[in-house]
Ligand code: DOR
Ligand code: ZN
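Numbering (my numbering), first residue to last: 7 to 433.
In structure tokens form, the structure reads like this:
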């Protein structure tokens, strides 16, 4: 079976390819990338004129809620939402019920995703049993079952000695530690600690809570040799620390979520609990710093932090609603907006959604690239296409996004996994 993607604007940061061309896929692999490939009778042809053709997106951070919270999302609806957003590879978070802290659950998640057949699901597993911060999980067994990373996302372990051992074990079995870097004792609140929290009289979450945790993680990586990835960076201090650690040669990477690139704490006044997320939306100065850091490479990649919650859960006062917003659906529009404002290049847009997360997850050079001979995971998107994010189009079980109901610009038209079309946009 051969699929020819014809006449698109191909962007592949891994080989510095940018320009109009054709891409041929045979037997699930990229077989040829060139300026022009002749159509043969056995080829299925996608006309990609006017669209960008790039390596499919890789998400290091998503909550698929399966098992246990399947009223919010499950592996099937989550897979559909992922390919809708151009993602074929997704790292799921372990705050499921029961928690993803043992091999059986990792195996269940992988098998279910394979049955659905849309995405490559790479589960992360908890660092501590039940994500309670007391006892480490069995890292090497979890790795054998298919877990690609360790995180207690939603929270972070607070026992530094235990965490040091965790970093040592992770280094030993070659696993990546991902951290929700927010010291819990300093982040009991429900929005950024600042002028809006003062105005509303609601306890805020300190930016220091993030900086202290990131400093701890960086130095633990230094003394143990482990590799650490900072999840959902929200504050400018974290960017400063990340830069420092990288200059020191420490094995540290970081991601930013689309919501933190688009919104600030002011969104709480407009959207209420829908704009509640941990770590919280912060100030315009933070937002600008995050965008610059992403453009310059201090922040390595996008993580969507796709965090579905049911309407009746989000429809509560700020101090009672769960934190989180949808991410898969708005990732591309968020970056297209930055591109439109001249804040990032098209090459960097593709890099932060695909090549760079693939590298962090050790999937590159098989994924995150359009090099000949590699796995044919490809996304085709239209930078100008306007669409309304509404019930009709939304594949997710939940709709908790400040952008729900709004017009967005930038739409995935096709998502291809291993040479098979797993999503196509019907306008
Ligand atoms: O806002 C968030 N929601 N932050 C997290 O760390 C967890 C996530 C969730 O699971 O909903
Ligand atoms: Zn988190």
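Beta carbons are placed, not taken as given, at the ideal position from N, Cα and C, and that holds for glycine. As the structure is a computational prediction, the values presented were derived from the model and not from experiment.
> For the ligand ZN, is there a heavy atom less than 7 Å away from the beta-carbon of residue 186?
Replying inline: yes
> Any heavy atom of the ligand DOR closer than 7 Å to the CB of residue 69?
Replying inline: yes
>> Restricting to runs no shorter than 4 residues, where is the alpha helix (DSSP H) found entirely within the stretch 187-232?
In response: 201-206, 213-230
> What distance in whole Å lies between the Cβ atoms of residue 338 and residue 92, which are believed to be in contact at a cut-off of 8 Å?
Replying inline: 6 Å
> For the putative contact between residue 436 and residue 34, defined by C-beta atoms under 8 Å, what is the C-beta separation to the nearest angstrom?
Replying inline: Given that the chain is displayed from residue 7 to residue 433, the structure contains no residue 436 and the question cannot be resolved.
> Which full runs of the alpha helix (DSSP H) of 4+ residues lie inside the stretch 251-316, going along the chain?
Replying inline: 264-268, 273-277, 290-302
>> If you measure between the beta carbons of residue 238 and residue 311, is that distance less than 8 Å?
In response: yes
> beta strand (DSSP E) containing residue 126: first to last residue?
Replying inline: 126-131
>> When you compare the CB positions of residue 177 and residue 156, do they come within less than 8 Å of one another, or not?
In response: no
>> Give me, in chain order, the residues of the same chain whose beta-carbon lies closer than 6 Å to that of residue 370; leave out the 5 immediate sequence neighbours on both sides.
In response: 364
>> Can you tell me where the beta strand (DSSP E) holding residue 27 begins and where it ends?
In response: 23-32
> What are the complete beta strand (DSSP E) segments, minimum 3 residues, inside the stretch 42-91?
Replying inline: 49-53, 58-61, 63-68
>> Whole angstroms are fine: how far does the CA of residue 432 sit from the CA of residue 251?
In response: 45 Å
> Any idea what DSSP makes of residue 358, helix, strand or coil?
Replying inline: helix
>> Taking the beta carbon of residue 219 as the centre, do at least 16 other beta carbons fall within 10 Å, making it buried, or is it exposed?
In response: buried
> If you follow the beta strand (DSSP E) that residue 140 is part of, which residue opens it and which one closes it?
Replying inline: From DSSP, residue 140 is part of no beta strand (DSSP E); its letter is neither H nor E.
> Taking DSSP as the reference, what is the three-state secondary structure of residue 432?
Replying inline: coil
> From 232, 280, 412, 112, pick the residue whose C-alpha is nearest to that of residue 180; which is it?
Replying inline: 232
> Roughly how many angstroms separate the alpha carbons of residue 335 and residue 222, rounded to a whole number?
Replying inline: 33 Å
> For residue 119, which three-state DSSP category applies?
Replying inline: helix
> What is the C-beta distance between residue 342 and residue 300, in whole angstroms, given that I count them as a contact (C-beta under 8 Å)?
Replying inline: With 8 Å as the limit, residue 342 and residue 300 do not qualify as a contact, their Cβ atoms being about 14 Å apart.
> For the alpha helix (DSSP H) that contains residue 345, what are its first and last residues?
Replying inline: 334-346
> Three-state secondary structure (DSSP) at residue 370?
Replying inline: coil
> Using the C-alpha atoms, what's the distance from residue 400 back to residue 421?
Replying inline: 16 Å
>> Taking the alpha helix (DSSP H) that residue 173 belongs to, which residues open and close that run?
In response: 166-178
> What residue range is occupied by the uninterrupted beta strand (DSSP E) comprising residue 416?
Replying inline: 413-423
>> Relative to the C-alpha of residue 26, which candidate in 32, 11, 36, 37 has its C-alpha closest?
In response: 11
> Would the beta-carbon of residue 111 fall within 8 Å of that of residue 102?
Replying inline: yes
> Between residue 258 and residue 227, which are expected to be in contact by the criterion C-beta below 8 Å, what is the C-beta distance as a whole number of angstroms?
Replying inline: 6 Å
>> Does the distance between the C-beta of residue 238 and the nearest non-hydrogen atom of the ligand ZN fall short of 7 Å?
In response: yes
> Between the C-alpha atoms of residue 76 and residue 44, what's the straight-line distance to the nearest angstrom?
Replying inline: 47 Å
> Smallest Cα separation from residue 124: which of 98, 393, 333, 82?
Replying inline: 82
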